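What follows is a single structure, written as structure tokens, with notes after it.
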Amino acid sequence: MEIEKIYEKLEKKVDQAAVKLSRSRITQIRFSNNMIDISNEWNEELASVFLAKNGRTFIFDLKSEKDLEKIVPRSLAAMENIEKNSDFISLNDKKNVYRKKRIKNEKLREVDSQEFVSGFVDELKPFVKRLGGVFYKKEIVEAIKTPFNSGSEEQFGVEFVSRVFNDHDYPVQISFTSSSDDDLPALMKRGNEALGLSRRVKNIKDGREGKFNVIFSPLCFASLVSYTAPMASAFQIDSGMSMFADRMGERIGSSLFTLYDDPTDDSMLNSKTFDDEGTSTRKTPVIEKGIVKNFLHNFSTAKKYSVETTGNAGIISPSPWQISVEPGSEDVDDMIASTKKGLFINNTWYTRFQDYREGILSTVPRDGIFYVENGEITESWGGIRISDSLLHMYKNIEGISRETEKVKWWDETMHTKSPYVAVADVNISRSK
Amino acid sequence: MEELVDKALDYASKRSKFAEVRFASSTRNVVLTKNGTISATGYSVDSGLAIRVLDNSVAFSSINIPEWNRVRDEIDRALMMAKKHGRNRFSNENPVKDSWQVDQIKRIEDVSFEERVSQLKGIDNLLIDEKISMRILALNDNVEEEYNVNSEGLSLRSKLPKISFFAMIGFMENGNFEQGTVELGYSGGYEALGEWKLDKRVKHESDVLKSAARAKKLKDGVYDLVAGPEISGIVAHESCGHPTESDRILGREMAQAGESFIKKNDKGKRVGSDVVNLVDDPTLEHSFGFYRYDRDGVKSRKRYLYKNGLINEFLSNRESAGRLDVKSNGASRSSEWDKEPLVRMSTTYIEPNDHTYEELIEDVKDGIYMKSFTEWNIDDIRFNEKYVGREAYHIQNGELKETIKRPVIETTTINFYSSIDAIGKDLEFSAGSCGKGDPMQGVDVWMGGPHIRLRNLNVR
């Protein structure tokens, strides 16, 4: 499909049209219990189209140009008879200039997905009971065309996750994502990291209830902020289903805590130069030193809130691109060493909210829950749950490491760069 | 398109031990409102070829560019990937030639966007009258058509229309907030709207939230519990359906959704009291997870996962059944045409028994009636779980008393099922999207059951 041809067939029929064309080639290797289960490959084209006419809006996806002949008349007919979308004001009507991406990925491109996975399994299996995981190689070319802006960009990168079970069948997990050759050595050291984490496992026990000081790993903290950043979308704020609603300018976290949406970090896979309506993207502090600083906007929501767009369209609903948590000044080993009684939690999943307004949730830690006493890991736990609120935990942040990791895991964790984060008095519950 | 599919199959079959080519198209319509504003109206047409080959390992490839040269390139890449050593055994199944579809009374194709919008606006106006200030409503439909062939002689054609409704609503009063959802799904046409009685359901849900916002917590303690069909359903899904998925048991999801507390030799082990029977049944007419043949071309059937409190049967597809050296019981599904088929649930429920609702309640001295839930989760072996009540009442001396705010049950799978002492004769289902796989595949499911009674559960 060609974006110009699609746009030409639309532009005279509506007031405004935006076309985003994506071409992707994605390779994935899934493995479990030391063996490859399946090699997947996706090779697809997708055009996402937004139309506005007389205040009414319509969206459609297109996977074949020839379907346009059928879809366009149907869309226009539908638009005649529906109500106006009062949330939509306009696509960004100013000419935007896009930064040039800093790309350095020739060596990363040369990594053979199947060979990497086989090599990783062979490296670790003499030392552990079993391991599994997934390796992704993603290459996406995206173009945008609106009445006011046009551009194209490439995204390329790898994602890797492995879950490693030791001789007692206790799992730990590592995660990695990058778009840069600079991180290739870190990818090649993931085996050591997994073994190092696995060797810290000792004295496996059922966890205990209570209030604990918790050090969250980058993977685990990334999971929490991956549920937080989307709630800063102006759409979510408008709906009322957000802990950010009515809290602009309020303190919701410790002064150590700064959270960005940062599509400008080109060493990460989801870096972007333009959004879905052609606005150039930027680094946006959502929470700055604990204070709610910005919501995430497209052009229309920004007008409604009398601010500048943050370049986060979604024309219907703005959304974050990739998250960055400001690192601190502490050394992670010192953070653990200075813990008198507390937990180091490596991962979590199944986060669910009973109250979006207050951020009240529970989430199930996994893949390395370590009890720390007098600075030493003395036990490895299972069967616990964090039953707390994001607002309470963010306010109780007491330390942040200078080390950061770039992680992405399944649907639980967005592309995130996060440090280790220490939080006081986290409520831990368990089954009775 | 069928010509391209047959050509692709012929090409792949000659170069692998097993090949499968599926052409599928999906036409979706969506209407979304947010606090009364029409946020999104739109639709999508999605189609393409999914190719699966088996040699030294399994490879899956998808392409939505219907040009032979590009398709052949994709097959070549899949064949090359399948040369790599890995798992490569499918169960032996008889190939069928058949076609099937779900009939519609009010056809999706005949419903205008205006009518879809009008339905949602009607619901939204009702909620405004009920002073529900936070309202996200969605009405979706999808028609999926498929032509599936493999090198063993399988040839299947199908057409499956579906309708779904979703509401997320929130109520705030004096700083007290409550949130709730209504999720409904149906295989068939827009006659679903008449059956759903949306006005009544949404009005009830808004009453529940208002009542909960004014309610107080109950003192922590040990209580008997009467759980409604929505609770029966989520428990059946999370702590029976998922742990009996054979790919989980074999570890294939170990780095994503996890494994299972059930091991492959655990059939016959006790997980609950002997009144507990749990079923997964894709053949229920108009259920949201309905299918006549699964993605592997295996005929669907009802399966007893737990029977008389014992582990009875695992859900399987050809891949996992092959590893366990059994026949597949037809649980292979994928959420979209371009995703690999995995072991999935369809409609999972606790089988009804002999008690009326009144009989369940009247025999409780001090307990809780939890009719629906808000927050819930479970660990990655499906053993430690939590359910927070949305609509819940105190039961004293066999009578419903005051509304209770968000009672919390945090228990284990075995403790939950072992505490059941009586099961109702009613049966209700709710819809959901079940997440699994990497990339995430949300498949349409129903989950449900009757009212059930449990003795002596810790509640806080």
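Sequence order for the protein chains is A and B.
If you're matching positions, the first sequence starts at 6 in this note's numbering and goes up one per residue.
If you're matching positions, the second sequence starts at 528 in this note's numbering and goes up one per residue.
Glycine included, every Cβ here is placed at the ideal spot set by N, Cα and C.
Keep in mind it's a predicted model, so treat the numbers as computed, not measured.
Ranked by Cα distance from Pro934/B, the first of Ser945/B, Gly969/B, Asp948/B and Lys898/B is Lys898/B. Using a Cβ-Cβ cut-off of 8 Å, Asp243/A is close to Lys561 and Asn562 of chain B, given in chain order. If only uninterrupted beta strand (DSSP E) runs of at least 3 residues are considered, those enclosed by the segment 326 to 411 of chain A are 328 to 330, 346 to 360, 365 to 378, 381 to 387 and 389 to 394.
The segment 763 to 775 of chain B and the segment 902 to 918 of chain B touch, with three or more beta-carbon pairs separated by less than 8 Å. Take Glu929/B, set aside five residues on each side of it, and the residues of its chain with a beta-carbon closer than 6 Å to its own are His921, in chain order.
DSSP, reduced to helix, strand and coil, places Arg599/B within a helical segment of the structure shown. Under the three-state reduction of DSSP, Tyr141/A is assigned to strand.
Closer than 7 Å at the C-beta level to chain B, one finds these residues of the segment 349 to 362 of chain A: Trp354, Tyr355, Arg357, Phe358, Gln359, Asp360, Tyr361 and Arg362. With fewer than 16 other Cβ atoms from the protein chains shown falling within 10 Å of its own Cβ, Ala342/A counts as exposed. Between Phe587/B and chain A, the shortest Cβ-Cβ separation is below 8 Å. DSSP places Ser44/A in the strand class (E or B) of the three-state scheme. The beta carbon of Phe249/A lies closer than 7 Å to those of Met236, Ala237, Ile242, Val297 and Phe300 in the same chain, with the five residues before and after it left out. Looking at the DSSP output, Asp630/B shares a beta bridge with no other residue. Runs of the beta strand (DSSP E) lying entirely within the segment 205 to 248 of chain A, each at least 3 residues long, are 209 to 211 and 215 to 221 in chain order. When DSSP states are grouped into helix, strand and coil, His978/B belongs to the coil group. Its Cα nearest to that of Arg634/B, the residue Val670/B stands out among Val670/B, Asp793/B, Glu705/B and Val572/B. Using a CB distance below 7 Å, the part of the segment 775 to 803 of chain B facing chain A consists of Gly778, Arg779, Met781, Ala782 and Gln783, ordered along the chain. At least 8 Å separates the CB of Thr874/B from every CB of chain A. Gly388/A sits away from Val177/A, with the two beta carbons spaced by 8 Å or more. For Ser814/B, the three-state secondary structure derived from DSSP is coil.
Just so you know, the alpha carbons of Ser566/B and Leu129/A end up roughly 50 Å apart. Sorting Lys422/A, Leu15/A and Thr286/A by C-alpha distance to the C-alpha of Ser180/A places Lys422/A at the top. Nearest CB-CB separation between Lys309/A and chain B: not below the 8 Å threshold.
Straight through space, the alpha carbons of Glu46/A and Ile602/B are spaced by roughly 10 Å. Residue range Leu73 to Glu85 is occupied by the alpha helix (DSSP H) that includes Arg79/A, with no beta strand (DSSP E) assigned at that position.
Against chain A, a Cβ distance below 9 Å from Ile922/B picks out nothing, because the smallest value is about 20 Å.
Cβ-Cβ distances below 8 Å link Lys730/B to Leu653 and Glu657 in the same chain, with the five nearest sequence neighbours on each side left out; the list follows chain order. For Val709/B, no Cβ of chain A is located within less than 8 Å of the residue's own Cβ.
Look at Phe550/B: its C-beta is not under 8 Å from any C-beta on chain A. Near chain B, meaning a CB-to-CB distance below 9 Å, the residues of the segment 66 to 79 of chain A are Asp66, Leu67, Lys68, Ser69, Asp72, Lys75, Ile76 and Arg79. Rounded to the nearest whole angstrom, the CA to CA distance from Tyr717/B to Val870/B is 29 Å. Contact between Ala609/B and Val585/B holds: their C-beta atoms lie close to 7 Å from each other, under 8 Å. Closer than 8 Å to the CB of Thr568/B there is at least one CB belonging to chain A. Assigned with DSSP and collapsed to three states, Trp723/B falls in helix. Pairing Lys346/A with Asn218/A, the inter-Cα distance amounts to about 7 Å. In the DSSP assignment, Lys25/A falls within the unbroken beta strand (DSSP E) covering Gln21 to Ser37.
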